[in-house]
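With the working numbering applied, the sequence shown corresponds to residues 14 to 525, in that order.
Built from N, CA and C at the ideal position, the CB exists for glycine as well.
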Amino acid sequence: MEDKLEETINEISKIAKGDDLKEIKNIIQNFDEAIASMKPESIEDRSIARALARDISKKAFSLEKKYVPEIPENKKIADSVNCDTMIMTVGFQKEPIILSITCMQPQRVILLHTDGSRPVALEVENDPAIKKRDIKITPLFITEYDASENYRVIKDEALPRASENTVIDPTGGRKVMVASLALVAFYLRHPMIYLHSIEKEGVVYPFTERLRFIENPFDYFGDAELSLVEEQFNSHLYEAAFKTCQQLGQRVRHPTAHTKITLLRDLIEVYCDWDGFLHSSVPEVKRPNPTLSEKLGKLIVDFCRLGFQNLLPDNIDANITFLKSLDETWIDKRNISNEFRLIDIYASALRRGSEEQKKYDDAVARLYRCLEMCSTIKLLQMGLKDTARPDYENLSSNIGIDVKKLGNSFRRRKHRKLPFERLGLDDQMTLLEIIGDKIASIYKSMRRHSKNADSLMEIRNRSILAHGTNPVTEDCWPKFRDKVEVIIKETIGEKRYQELINMAMHGDIHIV
Numbered sequence: 014m015e016d017k018l019e020e021t022i023n024e025i026s027k028i029a030k031g032d033d034l035k036e037i038k039n040i041i042q043n044f045d046e047a048i049a050s051m052k053p054e055s056i057e058d059r060s061i062a063r064a065l066a067r068d069i070s071k072k073a074f075s076l077e078k079k080y081v082p083e084i085p086e087n088k089k090i091a092d093s094v095n096c097d098t099m100i101m102t103v104g105f106q107k108e109p110i111i112l113s114i115t116c117m118q119p120q121r122v123i124l125l126h127t128d129g130s131r132p133v134a135l136e137v138e139n140d141p142a143i144k145k146r147d148i149k150i151t152p153l154f155i156t157e158y159d160a161s162e163n164y165r166v167i168k169d170e171a172l173p174r175a176s177e178n179t180v181i182d183p184t185g186g187r188k189v190m191v192a193s194l195a196l197v198a199f200y201l202r203h204p205m206i207y208l209h210s211i212e213k214e215g216v217v218y219p220f221t222e223r224l225r226f227i228e229n230p231f232d233y234f235g236d237a238e239l240s241l242v243e244e245q246f247n248s249h250l251y252e253a254a255f256k257t258c259q260q261l262g263q264r265v266r267h268p269t270a271h272t273k274i275t276l277l278r279d280l281i282e283v284y285c286d287w288d289g290f291l292h293s294s295v296p297e298v299k300r301p302n303p304t305l306s307e308k309l310g311k312l313i314v315d316f317c318r319l320g321f322q323n324l325l326p327d328n329i330d331a332n333i334t335f336l337k338s339l340d341e342t343w344i345d346k347r348n349i350s351n352e353f354r355l356i357d358i359y360a361s362a363l364r365r366g367s368e369e370q371k372k373y374d375d376a377v378a379r380l381y382r383c384l385e386m387c388s389t390i391k392l393l394q395m396g397l398k399d400t401a402r403p404d405y406e407n408l409s410s411n412i413g414i415d416v417k418k419l420g421n422s423f424r425r426r427k428h429r430k431l432p433f434e435r436l437g438l439d440d441q442m443t444l445l446e447i448i449g450d451k452i453a454s455i456y457k458s459m460r461r462h463s464k465n466a467d468s469l470m471e472i473r474n475r476s477i478l479a480h481g482t483n484p485v486t487e488d489c490w491p492k493f494r495d496k497v498e499v500i501i502k503e504t505i506g507e508k509r510y511q512e513l514i515n516m517a518m519h520g521d522i523h524i525v
């Protein structure tokens, strides 16, 4: 501390000249002597000496107002912030408030005071150094104990009166006042400064006042946004979570936190790609290399190596196994129909229809694709070979129904002959109805409407992502979902369904 005091005297000596410098040195010498005169064993002597030191410190104030703002350290911070408005809490000492204002030189100051510190706010407003600079002072009342009310006042009354270049200064005031203002500064990302000084026996040592920039711990560690990342990921809003991580990575300075955010960003990117079905790209769209399962496998190693394994999704191992199956069953054609892609699309539909997303039109559109895939899987298993170019001879041979009889049955139901290419959902389900497959009867129930209500398929067909403009409602979504779930179970078996859906469900992460 002695070195710091000597540095302070040297700094002032470079700024003050003539009689002012002589007076400053005199004040510092008298202050040192007052402090040195204190006798530890005498409470009365200590009290007298402290009062003397306090009087000397107050006498220094007029010169401090002149020279403390000129100290290079203070000028550097003031210049870097370029403050237009200061919002400050006011305690029972005017000196630190006035010195901070004279250092920062704002155009406007909002003073947050209590009933008790209102007189101090008036003293600040009427101080000659403040009036000389023509600074607009706005007093606002806050409480000594109600942080929620103080937060409201600062957010709803103080900040709307402030400019874009607003600086927060909680130098004065009681603990709850200071905490309320600091919380606003940190949460809303306003720069915050503090006027620090050296004290001797509880008295400010003259000319040691220095501005300190208070780094925002939210920015340093990123905890607030990490909580948002967790919520976004667990709501399967992967693009939003990825963008939040990207923005956070540009601000966070704590090395460990930055590493954690980088890993989370890479993890989220894989799930974002998975959610976009990038494991099943057609040839003209380059498939990921490495594959998504390989990327996840590498990330597990990195998370564990750096001690962040607790941040991984709950069922990431099962996810990797499922992704490997998707990779291994990829074939070079546009329409890949297998149990893994069926469950993958169904799981994505559940994400869109979740309580967090409520994208029912999107969810039902994906369920419709599940219906198509179920009927395709069934017919391929029966020997149709390809729905784009169906082999009715092979199908007939496998199911034991003559091709001509199959065609006649189809014509009676659809009033047209069997199509020779590109079988749609309804045509596929019609074939399955002729064969007597159970999923066709469930599908038929989805087409059945009542006197006062459209069928599920009519609702889908009139939705915005099909052929109409009507939204799919929250009431319709679970009905459609439950019917499709039964059809999927009938297609691949209930046991296999449960096994695959458990592997395909995206788990939660727990960051905070």
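Item: Met99 bridges to which residues according to DSSP?; Value: Val122, Val180
Item: Taking Cβ positions, are Lys398 and Asn407 nearer each other than 8 Å?; Value: yes
Item: Compute the Euclidean distance between the alpha carbons of Asn348 and Arg318, then round it to the nearest angstrom.; Value: 40 Å
Item: Among the residues of its own chain, which have a CB less than 7 Å from the CB of Ile110, if the five just before and after it don't count?; Value: Met101, Val103, Val137, Thr184, Gly185
Item: Do the region 507-516 and the region 458-473 touch if we need at least three Cβ pairs shorter than 8 Å?; Value: no
Item: How long is the line joining the alpha carbons of Pro152 and Leu34, rounded to whole angstroms?; Value: 35 Å
Item: Go through its chain and collect everything with a Cβ distance to Lys72's Cβ below 6 Å, but skip five positions before and after it.; Value: none
Item: Just reading off the alpha helix (DSSP H) that Pro152 is part of, what are its end residues?; Value: Here Pro152 belongs to no alpha helix (DSSP H); instead the beta strand (DSSP E) covers 149-154.
Item: In the region 468-514, which residue ranges form an unbroken alpha helix (DSSP H) of at least 4 residues, counting only runs that do not cross its ends?; Value: 469-474, 489-505
Item: Counting along the chain, where does the beta strand (DSSP E) carrying Met205 start and finish?; Value: 205-209
Item: Tell me which residues share the same chain as Pro204 and place their Cβ nearer than 6 Å to its Cβ, disregarding the 5 neighbours each side in the sequence.; Value: Val94, Val180
Item: Taking one C-beta from the region 196-216 and one from the region 118-132 each time, how about it: are there three or more such pairs within less than 8 Å?; Value: no
Item: Residues bridged to Arg223 by DSSP?; Value: His209
Item: Considering only residues of the same chain and omitting the five flanking positions on each side of Tyr456, which have a CB-CB separation below 6 Å?; Value: Met442
Item: Taking the straight line between their C-alpha atoms, what separation do you get for Phe220 and Ala91?; Value: 17 Å
Item: Determine whether the beta carbon atoms of Asp357 and Ala517 lie at a separation below 8 Å.; Value: yes
Item: From this set, Leu312, Asp488, His292, Lys427, which residue's C-alpha is nearest Ile274's C-alpha?; Value: Leu312
Item: Would you list, in sequence order, the uninterrupted alpha helix (DSSP H) runs of no fewer than 4 residues that lie entirely inside the region 413-474?; Value: 416-427, 438-448, 451-459, 469-474
Item: Would you call the CB atoms of Ala378 and Leu478 closer than 8 Å?; Value: yes
Item: Short check: CB of Glu526 to CB of Ala66, under 8 Å?; Value: Nothing about residue 526 can be reported from this structure: the residues present for the chain run from 14 to 525 only.
Item: Going by CA-CA distance only, name the one from His519, Ile84, Ala49 that's closest to Ile22.; Value: Ile84
Item: What residue range is occupied by the uninterrupted alpha helix (DSSP H) comprising Pro109?; Value: 108-117
Item: Would Lys430 be called buried (16 or more neighbouring beta carbons within 10 Å of its own) or exposed?; Value: exposed
Item: Is the CB-CB distance between Lys451 and Glu385 below 8 Å?; Value: no
Item: Count the CB pairs spanning the region 254-265 and the region 228-238 that are closer than 8 Å, and state whether there are at least three.; Value: yes
Item: Pull the bridge partners of Val217 from the DSSP assignment, please.; Value: Glu212
Item: By how many angstroms is the C-alpha of Asp374 removed from the C-alpha of Ser463?; Value: 22 Å
Item: Report the rounded CA-to-CA distance for Ile150 versus Glu77, giving the unit in angstroms.; Value: 21 Å
Item: Can you check whether the CB of Leu112 is closer than 8 Å to the CB of Val133?; Value: no
Item: Considering only residues of the same chain and omitting the five flanking positions on each side of Ile69, which have a CB-CB separation below 8 Å?; Value: Ile40, Asn43, Phe44, Ala47, Pro219
Item: Who are the Cβ neighbours of Glu177 in its own chain at under 8 Å, not counting the five residues just before and after it?; Value: Asp97
Item: Please list, in chain order, all residues of the same chain as Thr389 whose beta carbon is under 7 Å from its beta carbon, the five residues on each side excluded.; Value: Ser350, Thr400, Gln441
Item: For the alpha helix (DSSP H) that contains Leu172, what are its first and last residues?; Value: No alpha helix (DSSP H) contains Leu172, which DSSP labels as neither H nor E.
Item: Can you give me the start and stop residues for the alpha helix (DSSP H) that Lys35 sits inside?; Value: 31-49
Item: If you draw a straight line from the C-alpha of Val525 to the C-alpha of Val242, how long is it?; Value: 10 Å
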